[in-house]
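> Would you mind keeping the following structure in view while I ask a few things?
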Amino acid sequence: MADTTDSRVAVYIDFDNIVISRYDQVNGRGTFQRDRVRQFDPDESGADASIAAKLDAATVDVGAVIDFAASFGTLVLTRAYADWSAQVNAVYRHQLVGRAVDLVQLFPAAAYAKNGADIRLAVDAVEDMFRLPDLTHVVIVAGDSDYVPLAQRCKRLGRYVVGIGVAGSTSRTLAAACDEFYTYDALPGIEQATAPQPKRAAPVVEEAAGEATPAEAAPKASSGRSPKAKSPAKGGATKREARVESEDIEEAVRDPQEEATGLLDRALRIGHEKDDSEWLHSSAVKSQIKRMDPSFSEKQLGYRSFSDFIKSRADIAELDDSSTTQLVRRKPQQDVSTASKRSPRRAKG
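One gets my numbering by counting positions in the sequence shown from 1 and adding 1135 to each.
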């Protein structure tokens, strides 16, 4: 595992590339363009539910990408390039801003804004390398072969280049140009996505003429006033407000213990992925957690030390404190996804 003591990392995300590649990977090659997903809005009246299901199945876990990039050192800057006015990208803004990602707006100058992100990202990366001489690592989250010259230039300027792309949409030449290259599916914490199965249409039952169905008869028998129908525009606005309200509620009711368990699990996965040894130093695991979430504190969670915090997660981690150097490892053959749903009790004292 590379030394991350003094490493400083810059992350550049071609967000359009990742979103499109992931959608095509899950739902079939070329489906993003055929489904016309770029301007698809699930909140609009009459929106195709099948496309909404495909988008949900192909959701990109931005946190997993950023957390893995943080394993190489301190994140100096993180930028994501896309047309954020497009609904398919706009739904990620809340998640990206929450991770302190700088959103770079790319206005489409042509039909598909070809190479818009490629050129802007490359220019910014080269400028940052001269502006920040202490930058040691460059992480390029994309799969286009257009980034090969950028990767080669970064290496010539003495930077360690890491590439992350979606399997099936990644150029082999880009992978060869990087010092290390990882597929999105291989990142710790990424679950295998499956395309949604199309629902079979329900059989149409014809009603006898002059007979009202129970659903039709209910409004007439209630108050005598016909219910007001919502206009499409008003209905769409109501859905957006409900979505924002649900995000606020989710933020308010989040479980810090469950989030801490997820952080530990991901830190152990990353540590074992990058280190061949069976046991990891607990200090290195804690450093990785702090890079993923600087607000992490075992004392705020109710534990006297980090070792007590690990012991409380005995269903996913094992601690060896028999010597002065505390070692930890992720329990083998353990369904961590099920275990992480159980929030452990706080330590007493």
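C-beta atoms are modelled at their ideal positions from N, C-alpha and C, and glycine is treated no differently.
What do you get for S1430, buried or exposed, if any count of 16 or more other CB atoms within 10 angstroms of its CB means buried?
Within the sequence shown, the letter at position 295 stands for residue 1430. Answer is exposed; the Cβ neighbour count stays below 16.
> With a Cβ-Cβ cutoff of 8 angstroms, do Y1319 and I1325 count as a contact?
In the sequence shown, residue 1319 corresponds to position 184, counting from 1. In the sequence shown, residue 1325 corresponds to position 190, counting from 1. Cβ atoms of Y1319 and I1325: closer than 8 angstroms.
> Just to confirm my understanding: we take L1256, look at its own chain, exclude 5 residues before and 5 after, and list those with CB closer than 7 angstroms. What are they?
Sequence index remark: in the sequence shown, residue 1256 carries index 121 (1-based). Answer for L1256: Y1147, D1149, Y1216, listed in chain order.
> Hey, T1460 and H1416 are a contact pair by Cβ (cut 8 angstroms); roughly how many whole angstroms apart?
Within the sequence shown, numbered from 1, the residue matching residue 1460 stands at position 325. Within the sequence shown, numbered from 1, the residue matching residue 1416 stands at position 281. T1460 to H1416, Cβ: 7 angstroms. Contact.
> Could you tell me the boundaries of the alpha helix (DSSP H) in which A1184 lies?
Numbered from 1 along the sequence shown, position 49 holds the residue referred to as residue 1184. First-last of the alpha helix (DSSP H) with A1184: 1184-1192.
> Quick check on this structure: which residue in M1427, A1419, L1241 has the alpha carbon closest to the alpha carbon of R1464?
The residue you call residue 1464 lines up with position 329 of the sequence shown. Measuring from the Cα of R1464, the nearest candidate turns out to be A1419.
> If you draw a straight line from the alpha carbon of Q1230 to that of D1253, how long is it in whole angstroms?
Position 95 of the sequence shown, counting from 1, holds the residue named residue 1230. Position 118 of the sequence shown, counting from 1, holds the residue named residue 1253. Computed Cα separation, rounded: 23 angstroms.
> Within its chain, find whatever has a CB closer than 6 angstroms to the CB of V1239; leave out the 5 residues flanking it on each side and keep chain order.
Walking along the sequence shown from the start, residue 1239 turns up at place 104. Answer for V1239: R1214, Y1216, listed in chain order.
> Please classify E1262 as buried or exposed, where buried requires at least 16 neighbouring CB atoms within 10 angstroms.
As a working mapping, residue 1262 is identified with position 127 in the sequence shown. Answer is exposed; the Cβ neighbour count stays below 16.
> Which residues does DSSP list as the beta-bridge partners of F1316?
For this step, residue 1316 is matched to residue 181 along the sequence shown. F1316 pairs with G1298.
> Which first and last residues belong to the alpha helix (DSSP H) in which Y1158 is found?
What you label residue 1158 is simply residue 23 of the sequence shown in a count that begins at 1. 1150-1162 is the span of the alpha helix (DSSP H), which, as asked, contains Y1158.
> Ordered along the chain, which non-local residues of its own chain (more than five positions away) have a Cβ less than 7 angstroms from that of E1413?
The residue given as residue 1413 occupies position 278 in the sequence shown. Closer than 7 angstroms at the Cβ level, and outside the excluded window around E1413, lie R1464.
> Starting from the Cα of H1272, find the closest Cα among V1297, L1285, R1288, V1258 and give me that residue.
Translated into the one-based positions of the sequence shown, residue 1272 becomes position 137. Measuring from the Cα of H1272, the nearest candidate turns out to be V1297.
> In chain order, what residues of the same chain have a beta carbon less than 7 angstroms from the beta carbon of E1408, not counting five sequence neighbours either side?
By 1-based counting over the sequence shown, the position of residue 1408 is 273. Excluding residues within five positions, the ones whose Cβ falls inside 7 angstroms are P1323.
> Do you know how far the Cα of V1144 is from the Cα of A1204?
If you number the sequence shown from 1, residue 1204 lands on position 69. If you number the sequence shown from 1, residue 1144 lands on position 9. Roughly 8 angstroms separates the two Cα atoms.
> Buried or exposed: which applies to Q1423, given that a residue is buried once 16 or more other Cβ atoms fall within 10 Å of its Cβ?
Your numbering for residue 1423 matches position 288 in the sequence shown. Classification for Q1423: buried.
> Rounding to the nearest angstrom, what Cα-Cα distance links Q1160 and Q1327 in this structure?
Translated into positions along the sequence shown, residue 1160 becomes position 25. Translated into positions along the sequence shown, residue 1327 becomes position 192. Approximately 11 angstroms, taken between the alpha carbons.
> What residue ranges within the region 1427-1467 form continuous alpha helix (DSSP H) runs of no fewer than 4 residues, ordered along the chain?
Entirely contained in the region 1427-1467, the alpha helix (DSSP H) runs reaching 4 residues are, in chain order, 1441-1447.
> Determine whether the beta carbon atoms of P1391 and L1462 lie at a separation below 8 angstroms.
The residue you call residue 1391 lines up with position 256 of the sequence shown. The residue you call residue 1462 lines up with position 327 of the sequence shown. Going by C-beta atoms, P1391 is not nearer than 8 angstroms to L1462.
> Using beta-carbon positions only, say whether T1308 and V1283 come within less than 8 angstroms of one another.
Taking the first residue of the sequence shown as 1, we reach residue 1308 at position 173. Taking the first residue of the sequence shown as 1, we reach residue 1283 at position 148. In contact: T1308 and V1283 (Cβ atoms closer than 8 angstroms).
> Residue range of the alpha helix (DSSP H) that R1214 falls in?
Stepping through the sequence shown from its first residue, residue 1214 is reached at position 79. Unbroken run through R1214 is the beta strand (DSSP E), 1209-1217; no alpha helix (DSSP H).
> In this structure, what does DSSP give as the bridge partners for A1145?
For the purposes of this step, residue 1145 is taken as the residue at position 10 of the sequence shown. DSSP output for A1145 lists L1212, V1273 as bridge partner(s).
> Rounded to the nearest angstrom, what separates R1173 and A1188 at their Cα positions?
For the purposes of this step, residue 1173 is taken as residue 38 along the sequence shown, with counting starting at 1. For the purposes of this step, residue 1188 is taken as residue 53 along the sequence shown, with counting starting at 1. Rounded to the nearest angstrom, the two C-alpha atoms are 15 angstroms apart.
> How should K1365 be labelled, buried or exposed, when 16 other C-beta atoms within 10 angstroms of its C-beta is the threshold for buried?
Within the sequence shown, the letter at position 230 stands for residue 1365. Interpretation of K1365 is limited by its pLDDT of 44, a score under 50 that renders its predicted location unreliable; no figure is taken from the coordinates.
> What's the C-alpha gap between A1302 and S1457?
On the sequence shown, residue 1302 is found 167 positions in, with the first residue counted as 1. On the sequence shown, residue 1457 is found 322 positions in, with the first residue counted as 1. Their Cα atoms are separated by approximately 42 angstroms.
> Go ahead and pull the three-state DSSP assignment for V1239.
Within the sequence shown, numbered from 1, the residue matching residue 1239 stands at position 104. Three-state result, V1239: strand.
> Taking the Cβ atom as the reference point for each residue, do S1156 and G1251 lie within a distance shorter than 8 angstroms?
On the sequence shown, residue 1156 is found 21 positions in, with the first residue counted as 1. On the sequence shown, residue 1251 is found 116 positions in, with the first residue counted as 1. No, the pair does not count as a contact, with Cβ atoms beyond the cut-off.
> Going by DSSP, name the residue or residues bridged to L1415.
By 1-based counting over the sequence shown, the position of residue 1415 is 280. Paired residues: V1463.
> Given this structure, state the Cα-to-Cα distance separating N1152 from M1264, to the nearest angstrom.
The residue labelled residue 1152 in the question sits at position 17 within the sequence shown. The residue labelled residue 1264 in the question sits at position 129 within the sequence shown. Rounded to the nearest angstrom, the two C-alpha atoms are 23 angstroms apart.
> Go ahead and pull the three-state DSSP assignment for E1179.
Counted from its first residue, the sequence shown places residue 1179 at position 44. E1179 falls in the coil class under three-state DSSP.
> Relative to the C-alpha of R1426, which candidate in D1450, P1331, R1401 has its C-alpha closest?
Numbered from its first residue, the sequence shown carries residue 1426 at position 291. Considering only alpha carbons, the answer is R1401.
> Let me make sure I understand the geometry here. Which of R1291, V1211, S1220, N1224 has the alpha-carbon closest to that of A1235?
What you label residue 1235 is simply residue 100 of the sequence shown in a count that begins at 1. Closest by alpha carbon: V1211.
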